[in-house]
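If you read the sequences in order, they're chains P and W. Note that our numbering numbers the first sequence so that position 275 is 275, with each residue one more than the last. Counting the second sequence from 1 gives a position; our numbering is that position plus 335. The beta-carbon is built from N, C-alpha and C at its ideal position, and this holds for glycine as well.
Protein chains: 2
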Amino acid sequence: MATERRRATIYDVAQAAGVSKSLVSLVLRDSPSVSAPRRAAVLAAIKELDYRPSQAATALAGGTSQTVGVVIDDYTNAWFVELLRGLQEGLASAGLRIAVSDRTLNTHVESDPLDGFLSTRVEALVLATEPTPAMRFSSQIPVIVVGNRATQVPGADVASSDDRLGTRQAIEHLVSLGHRNIGHIGGGGGSSMLRLAGYQEAMKAAGLDEHVVSVSELTTEDTGYRCTQRLLDEDPDTTAILAANDSMAMGAMAAAQAAGLSVPGDLSIIGYDNSPLSGTHLLHLTTVDSRNHDLGLHVAQQVLSRLADPGRDAQRVLLEPLLIERGTCAAPRRP
Amino acid sequence: MATERRRATIYDVAQAAGVSKSLVSLVLRDSPSVSAPRRAAVLAAIKELDYRPSQAATALAGGTSQTVGVVIDDYTNAWFVELLRGLQEGLASAGLRIAVSDRTLNTHVESDPLDGFLSTRVEALVLATEPTPAMRFSSQIPVIVVGNRATQVPGADVASSDDRLGTRQAIEHLVSLGHRNIGHIGGGGGSSMLRLAGYQEAMKAAGLDEHVVSVSELTTEDTGYRCTQRLLDEDPDTTAILAANDSMAMGAMAAAQAAGLSVPGDLSIIGYDNSPLSGTHLLHLTTVDSRNHDLGLHVAQQVLSRLADPGRDAQRVLLEPLLIERGTCAAPRRP
Numbered sequence: 001m002a003t004e005r006r007r008a009t010i011y012d013v014a015q016a017a018g019v020s021k022s023l024v025s026l027v028l029r030d031s032p033s034v035s036a037p038r039r040a041a042v043l044a045a046i047k048e049l050d051y052r053p054s055q056a057a058t059a060l061a062g063g064t065s066q067t068v069g070v071v072i073d074d075y076t077n078a079w080f081v082e083l084l085r086g087l088q089e090g091l092a093s094a095g096l097r098i099a100v101s102d103r104t105l106n107t108h109v110e111s112d113p114l115d116g117f118l119s120t121r122v123e124a125l126v127l128a129t130e131p132t133p134a135m136r137f138s139s140q141i142p143v144i145v146v147g148n149r150a151t152q153v154p155g156a157d158v159a160s161s162d163d164r165l166g167t168r169q170a171i172e173h174l175v176s177l178g179h180r181n182i183g184h185i186g187g188g189g190g191s192s193m194l195r196l197a198g199y200q201e202a203m204k205a206a207g208l209d210e211h212v213v214s215v216s217e218l219t220t221e222d223t224g225y226r227c228t229q230r231l232l233d234e235d236p237d238t239t240a241i242l243a244a245n246d247s248m249a250m251g252a253m254a255a256a257q258a259a260g261l262s263v264p265g266d267l268s269i270i271g272y273d274n275s276p277l278s279g280t281h282l283l284h285l286t287t288v289d290s291r292n293h294d295l296g297l298h299v300a301q302q303v304l305s306r307l308a309d310p311g312r313d314a315q316r317v318l319l320e321p322l323l324i325e326r327g328t329c330a331a332p333r334r335p
Numbered sequence: 336m337a338t339e340r341r342r343a344t345i346y347d348v349a350q351a352a353g354v355s356k357s358l359v360s361l362v363l364r365d366s367p368s369v370s371a372p373r374r375a376a377v378l379a380a381i382k383e384l385d386y387r388p389s390q391a392a393t394a395l396a397g398g399t400s401q402t403v404g405v406v407i408d409d410y411t412n413a414w415f416v417e418l419l420r421g422l423q424e425g426l427a428s429a430g431l432r433i434a435v436s437d438r439t440l441n442t443h444v445e446s447d448p449l450d451g452f453l454s455t456r457v458e459a460l461v462l463a464t465e466p467t468p469a470m471r472f473s474s475q476i477p478v479i480v481v482g483n484r485a486t487q488v489p490g491a492d493v494a495s496s497d498d499r500l501g502t503r504q505a506i507e508h509l510v511s512l513g514h515r516n517i518g519h520i521g522g523g524g525g526s527s528m529l530r531l532a533g534y535q536e537a538m539k540a541a542g543l544d545e546h547v548v549s550v551s552e553l554t555t556e557d558t559g560y561r562c563t564q565r566l567l568d569e570d571p572d573t574t575a576i577l578a579a580n581d582s583m584a585m586g587a588m589a590a591a592q593a594a595g596l597s598v599p600g601d602l603s604i605i606g607y608d609n610s611p612l613s614g615t616h617l618l619h620l621t622t623v624d625s626r627n628h629d630l631g632l633h634v635a636q637q638v639l640s641r642l643a644d645p646g647r648d649a650q651r652v653l654l655e656p657l658l659i660e661r662g663t664c665a666a667p668r669r670p
């Protein structure tokens with residue numbers, strides 16, 4: 001860890017390398033028009049002086065921050081981590097950085113979660129959360145909405161996984177194991193609505209009665225716990241539960257435990273998201289993979305193609321989800 | 336959600352309000368020298384034009400981004416969430432924003448996790464992770480290290496919780512319940528080393544033999560699972576385990592379950608961090624609270640006092656941790 005006394009400027013680099021400031025700029029932009037020896041001299045000077053281009057200066061001069069802003073729901077619901085990995089992979093060749101904020105990170109200074117990103121002039125905004133009325137978008141900054149949302153953003157690209165198909169697959173799996181009494185716990189928001197619709201379609205197709213307990217609040221471990229308690233209370237013969245996401249499924253596992261039911265012996269549970277939590281030894285949760293890593297790669301493509309052609313039509317990508325079988329499903333023990 | 340055609344500038348606001356650009360600046364800085372009617376006119380114009388000051392311009396003009404950069408370990412280990420809440424509370428009055436990055440967010444474009452923050456000219460850097468050799472600090476930007484770290488950052492403030500005292504309290508609690516055979520699972524890094532030292536001190540003070548299984552890798556659910564398997568394998572008479580953090584404790588719970596041991600009937604488990612995970616219904620984990628929210632408030636104070644007086648001596652804050660008793664500890668059933 002070195003400390004520096006004064007920040008080197010582009011002029012220092014130019015002087016040390018014996019070239020013009022414009023030539024340093026060309027090297028920084030990786031221009032092919034610079035000769036190999038001059039490029040080497042500039043790179044050596046950059047290293048020697050520990051020069052780092054100022055994003056503030058770059059942003060003001062060229063209007064670009066080389067950064068993509070990502071707004072996520074909430075740091076405690078880590079479904080977005082694989083999305084970020086895919087986004088990293090897809091943005092690497094373009095040299096675009098990523099900045100992440102959850103919706104509440106700057107509520108102490110501003111009401112709009114986009115403010116910080118817009119004022120630092122991000123290249124594009126990735127909205128991995130439900131749009132809210134507080135969000136004021138700029139027509140100059142492309143928006144890519146990730147996931148199925150209840151509110152549309154005019155002109156935005158959308159990249160999502162087919163949530164309706166995902167829950168249909170999950171119910172078909174439970175039905176194939178012999179379950180007839182399958183409950184669903186869910187919440188509000190666009191994804192939850194589609195996951196509910198897929199559940200209802202699949203139950204109807206199998207000739208089964210639906211049983212839904214949902215909350216308007218966030219889909220958390222705590223709401224999953226409380227929904228499951230109510231569901232088991234209303235119908236003690238329930239043999240399987242499909243949760244709207246992994247956090248709620250975790251709460252369902254706790255409620256089963258509290259009710260003296262073993263998982264999957266007495267109660268099968270399926271989550272949704274294939275979040276890092278679902279893959280832990282403790283949960284080992286059967287879940288639906290929204291393929292967030294692939295989604296991140298697609299979002300990166302949408303960002304890059306939009307930056308290359310700002311006027312192109314809005315795109316919509318819909319990925320087919322995958323059921324991930326782990327340890328929380330079995331044939332029903334009870335009739 | 337409004338969309339705008341062209342971004343309003345400070346000049347547009349001045350023109351619409353019939354005042355000078357300097358007066359708009361004064362209103363933005365909340366100066367008391369502006370008369371109420373003129374302030375009202377400026378605020379109305381700001382609202383009407385949807386004007387948002389550019390951080391890039393502010394940064395270049397005044398050298399300030401009004402943002403504090405926070406580097407965390409890893410988005411999937413959510414211990415930092417309460418730290419952020421405290422930081423928000425403490426920075427609100429100063430109007431300072433927060434930007435967060437985990438150590439790997441921009442590894443696709445840069446090797447140094449500080450690069451992005453330094454190039455956007457953050458006011459201060461909060462390092463809530465172990466410093467690495469790749470990090471190059473700037474002498475112009477104050478650093479506050481959160482937590483006890485193996486590597487020191489010269490001149491930095493430090494805000495931490497007394498990790499050694501925390502594990503001593505945990506062991507004293509287990510001893511008071513009647514446990515004699517208490518194992519410890521841990522990892523690398525400064526906090527882990529101090530937590531290990533506290534365990535060793537308390538075991539020695541109680542006249543008990545220590546039994547430690549640790550990894551050099553990250554302290555995750557998976558390493559917690561594997562360390563516990565080895566610990567139970569080496570000493571099947573273990574009646575209690577103290578984990579270096581909540582993630583490892585979660586893995587310990589899974590390993591106990593896999594070994595057919597009930598928690599806390601057959602095995603008591605204590606975590607560390609009082610992370611959101613520990614408070615879930617499924618874990619309901621007894622843990623040591625590092626008081627991360629209070630730590631966030633202290634860090635905010637350190638940031639503000641350092642910005643007010645850049646030349647002041649480095650400060651060190653050490654908080655006393657608290658044992659949080661939940662459901663994973665009981666008297667030992669086995670002798």
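For residue 272 of chain P, the enclosing beta strand (DSSP E) has its first and last residue at 268-272.
Residues of the segment 582-600 of chain W with a C-beta atom less than 8 Å from some C-beta of chain P are 585, 586, 588, 589, 590, 592, 593, listed in chain order. Here residue 312 of chain P is exposed. Its C-beta has fewer than 16 other C-beta atoms within 10 Å. Secondary structure of residue 326 of chain P (DSSP, three-state): coil.
At a cut-off of 9 Å, the C-beta of residue 88 of chain P has a neighbouring C-beta in chain W.
Contacts with chain P (Cβ-Cβ distance below 9 Å) from the segment 451-473 of chain W involve 451, 453, 454, 455, 456, 466, 467, 468, 469, 470, 471, 472, 473, listed in chain order. Closer than 9 Å to the CB of residue 441 of chain W there is at least one CB belonging to chain P. Taking the Cα of residue 251 of chain P as reference, the smallest distance to any Cα among P:200, P:231, P:236 is reached at P:231.
Selection P:122, P:283, P:256 evaluated against residue 236 of chain P yields P:256 as nearest (Cα-Cα). Distances from the CA of residue 181 of chain P to each of P:196, P:158, P:188, P:211 were compared; the closest alpha carbon is that of P:211. The alpha-carbon separation between residue 240 of chain P and residue 202 of chain P amounts to approximately 14 Å. According to the DSSP assignment, residue 73 of chain P belongs to no alpha helix (DSSP H), since it is labelled neither H nor E. Put simply, the backbone Cα of residue 22 of chain P is about 20 Å away from that of residue 95 of chain P. Proximity to residue 627 of chain W across W:440, W:482, W:569 peaks at W:482, based on C-alpha coordinates. The beta carbons of residue 275 of chain P and residue 78 of chain P sit about 6 Å from each other, so the pair counts as a contact at 8 Å.
Among the residues of chain P, those whose CB is under 7 Å from the CB of residue 430 of chain W are 109, following chain order. Listed along the chain, the chain W residues whose CB falls inside 8 Å of the CB of residue 91 of chain P are 443, 444. In terms of beta-carbon proximity, residue 37 of chain P stays away from the interface with chain W, with every pair separated by 9 Å or more.
Shown here for residue 13 of chain P: same chain residues with a beta carbon closer than 7 Å to its own, the five before and five after excluded, namely 24, 42, 45, 46, 49, 51 in chain order.
DSSP places residue 525 of chain W inside the alpha helix (DSSP H), whose first and last residues are 525-540. Note that the segment 89-105 of chain P does not touch the segment 465-480 of chain W; fewer than 3 beta-carbon pairs, one per stretch, sit closer than 8 Å. For residue 433 of chain W, the closest alpha carbon among the candidates P:120, P:289, P:286 is that of P:120. Leaving aside the five residues that flank residue 531 of chain W on each side, the residues in its chain whose CB is nearer than 8 Å to its CB run, in chain order, 502, 519, 521, 547, 549, 579. If you ignore the 5 residues before and after residue 650 of chain W, its C-beta comes within less than 7 Å of the C-beta of 492, 637, all in its own chain and listed in chain order. Residue contact check for residue 433 of chain W against chain P: a CB pair falls below 9 Å.
If you ignore the 5 residues before and after residue 355 of chain W, its C-beta comes within less than 8 Å of the C-beta of 349, all in its own chain and listed in chain order. In the displayed model, residue 282 of chain P falls within coil according to three-state DSSP, outside both helix and strand. Chain W places a beta carbon closer than 9 Å to that of residue 283 of chain P, counting this residue as a contact. About 17 Å separates the beta carbon of residue 284 of chain P from that of residue 224 of chain P, a gap too long to meet the 8 Å contact definition. Residues of chain W whose Cβ lies closer than 7 Å to the Cβ of residue 238 of chain P do not exist, since the nearest Cβ in that chain is about 18 Å away. Between residue 368 of chain W and residue 375 of chain W, the alpha-carbon positions lie close to 13 Å from each other. A Cβ-Cβ contact shorter than 9 Å links residue 68 of chain P with residue 124 of chain P.
Contact between residue 438 of chain W and residue 488 of chain W does not hold, since their C-beta atoms are separated by about 15 Å, which reaches or exceeds 8 Å.
In the three-state DSSP reduction, residue 28 of chain P falls in the helix class (H, G or I). Counted as a single uninterrupted DSSP element, the alpha helix (DSSP H) harbouring residue 348 of chain W occupies residues 345-352. Contacts between residue 556 of chain W and chain P, judged by CB atoms closer than 8 Å, involve 280, 281, 282 in chain order.
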